[in-house]
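Working notes for the structure below.
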Amino acid sequence: MALQEVTSAFIKRMQSTQTPLKQAWKLQCLRTYATDPMQKELGELEESVHQATPTDAAGKRLSQYDPTQNAKQRKEQLPPSRYQFRSPRFYRGPLHPHQPLKSSDPASREFVPGPFTLPRLQQTYESTIAPDLMTLTYQHYPPGFERPQKGERLREWVGDSPYFKNRPRRGPRGYDVLPLLRKPITFRNVPKLERVTVHTMLKGAADDSAYLHVAGMVVQNITNVRVQTHAVRKSVASFGLRAGKHVSVTSELYGENMYHFLSKVIDVVMPKIKDYKGVKGSSGDSSGHISFGFKPEEVALFPEVEVNYDMYPPKMIPGLHVTVHTSATTDYDARMLLQAIGVPFYGKMVD
Amino acid sequence: MALMRPSLRPSATLQTPHIHQQVRHATLLKRPKRPYTFTQLITLSDGSTFLHRTTSPAPIYKSTKDTKNNPLWNPSSQKLLNVEEDEAGRLKRFRARFGRGFDVESLEEGEEAREGEESVPRERQEESLLDMISSVGQEAEKKGKAAGKREEAKKSGKGKGGQK
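Protein sequence lines correspond, in order, to chains A and B. Going letter by letter, the first sequence gives residues 681 to 1031 in this note's numbering. Going letter by letter, the second sequence gives residues 10 to 173 in this note's numbering.
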């Protein structure tokens, strides 16, 4: 009995190898039985197949390939298409069996395709600005040089009190915020642009939400990114702000959008501003983020606003705050990067 | 880019697999909205062009004033400093007719400067070059140097504004 089974299976396989393309989908099923005891015999067979020259085999296959004919000859239906995971519409917590996909997965609901272009500014940065910055900030240390050891930034609690044991360390003397350390710049950590935040706060929005809508349209058109609105957290009577009212609009730009926005601002908008002096040299938060602003009449110079200026109520066009977040840890490095990109600075430089 | 998506924020617990808290509500995973963008060709005043993505449907944007013809971005250009808007040549004709000797001279000088930008006396050029060389070695005064450089640029910008 067993011998009969083996021979019948062998004959079947012979047939399938003779007409491989007609039943290619069946062959795939056969492949799952690759661990059968038949393996040895098959191995010999396949060797003999491979002995023919590859071009011959390919020509033969090509002549046999006729998908319409195959479809007509097929008796039974093809198996249904592969199972596809459908990302759920709702996130129901980490314990739910049906978990959403990561946003990087193209099947995810939150997937954002792109980037679609290689912006000019990015190319300039990679080809010339980054190497230049690295050279400019290069600090040579002769071999065998050891850096002088600095004291601890956070002080220990010194005293007889038993409570000083295992107590968290004291903050630095004189100020309570630890400034970022500036590491020597190598090819790994050349300062680069990370993101740009465009922000506008509208005084009139507390009373009239039209300001918010107009500002949202302006910012979205300028930046190519959907805006987010922000509500007041705490009421401030002197500014006429009440908690819970939406008064400001921001959009965060990353990657492609960021580069396009910055190059547009630098090449087109800034030079068009009347009597423009540049960005104030004291701008920056001393950890590598530099911000500057545009007045309402300057915002009207953006090509996207200019192209259909009549669309916006002229009194509602907002001013903007633009914050450029760089990976530099000091304002000096960040300013150097921005200067290389083309942003002019004026006045006293504060680091 | 994807990390900061607002709709991802409620599912922040996803990133800490060790703390499992049962959530009884469901959070809608919104599809991110993006404005439609077009490819636009920006033509700068000197004829150079580049492409960018923008929400503006105009296929070409021609700029009349940009980094290529703004003295703030070109502090060493004599041509841009003495720029005089005389497209129809009316001012020139007026000078030719009523101008005094010094007016005519200044006009000729300006034109010379416009052709080749070498109207700056040689000594001054050398001075500026020496300035650059001497400041290279001073590491301690790095910051001061940067500041000084910028202030020059600012002056040139002022000069331009005054002419308007």
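Beta carbons: idealized from backbone N, C-alpha and C, even for Gly. Model, not experiment: these values are computed from the prediction.
Rounded to whole angstroms, the gap between the alpha carbons of Ala810(A) and Gln802(A) is 10 Å.
In this structure, the straight-line span from the alpha carbon of Arg835(A) to that of Leu53(B) is close to 56 Å. Taking CB atoms only, Ser85(B) has no neighbour in chain A less than 7 Å away. Taking the Cα positions, Leu38(B) is about 7 Å away from Arg789(A). Here Asp840(A) is exposed, its C-beta having fewer than 16 other C-beta atoms within 10 Å.
Check the Cα spacing between Asp55(B) and each of Pro41(B), Gln49(B) and Asn78(B): the tightest is with Asn78(B). A straight line joining the alpha-carbon of Gly108(B) with that of Ile69(B) spans about 43 Å. Sequence-ordered contacts of the region 769–780 of chain A with chain B read Arg769, Phe770, Tyr771, Arg772, Gly773, Pro774, Leu775 and Pro780 [C-beta pairs closer than 7 Å].
With respect to the C-alpha of Thr1003(A), the residue from Gly958(A), Val878(A) and Lys957(A) having the closest C-alpha is Val878(A). Restricted to the region 838–920 of chain A, the alpha helix (DSSP H) segments that are unbroken, complete and at least 4 residues in length are 890–903, listed in chain order. Restricting attention to Ala885(A), Leu882(A) and Glu936(A), the CA atom closest to the CA of Arg875(A) is found in Glu936(A).
Annotation note: the region 952–1027 of chain A contains the following uninterrupted alpha helix (DSSP H) runs of length 4 or greater, listed N- to C-terminal: 976–979, 983–987 and 1011–1021. Taking 8 Å as the cut-off between beta carbons, the residues of the region 958–972 of chain A near chain B are Gly958 and Gly961, in sequence order. For Met950(A), the CB contacts under 7 Å within the same chain, skipping 5 residues up- and downstream, are Tyr956 in chain order. By the neighbour-count criterion, in which a residue is buried when 16 or more other Cβ atoms sit within 10 angstroms of its Cβ, Gly896(A) is buried. Chain-ordered listing is empty here: chain A has no CB closer than 9 Å to the CB of Leu90(B), the nearest sitting near 15 Å. When secondary structure is reduced to three states using DSSP, Lys88(B) falls in the helix class.
In chain order, Asn904, His940, Lys944, Pro983 and Glu984 make up the part of chain A whose C-beta sits under 8 Å from the C-beta of Thr63(B). Per DSSP, reduced to three states, the secondary structure at Glu832(A) is coil, with no helix or strand assignment. Residue burial is scored here from C-beta neighbours: Lys845(A) has fewer than 16 other C-beta atoms within 10 angstroms and is therefore classed as exposed. Distances from the alpha-carbon of Phe974(A) to those of Pro777(A), Val959(A), His893(A) and Arg800(A) put Val959(A) closest. Within chain B, no C-beta atom comes nearer than 8 Å to that of Thr808(A); the closest sits roughly 15 Å away. By DSSP's assignment, Ser928(A) forms a beta bridge with Met881(A) and His910(A).
Of the other Cβ atoms in all chains shown, fewer than 16 fall within 10 Å of the Cβ of Trp837(A); this residue is therefore exposed. In this structure, DSSP gives Phe59(B) an extended state, which the three-state scheme calls strand. When beta bridges are read from the DSSP output, Tyr70(B) appears opposite Ile51(B). Going by beta carbons, Thr46(B) and Arg62(B) fall inside the 7 Å limit. With the criterion set as a beta carbon lying under 7 Å from some beta carbon of chain B, the members of the region 895–921 of chain A are Gln900, Asn901, Asn904, Arg906 and Gln908, in sequence order. Boundaries cannot be given for Lys755(A), as no alpha helix (DSSP H) includes it and DSSP labels it neither H nor E.
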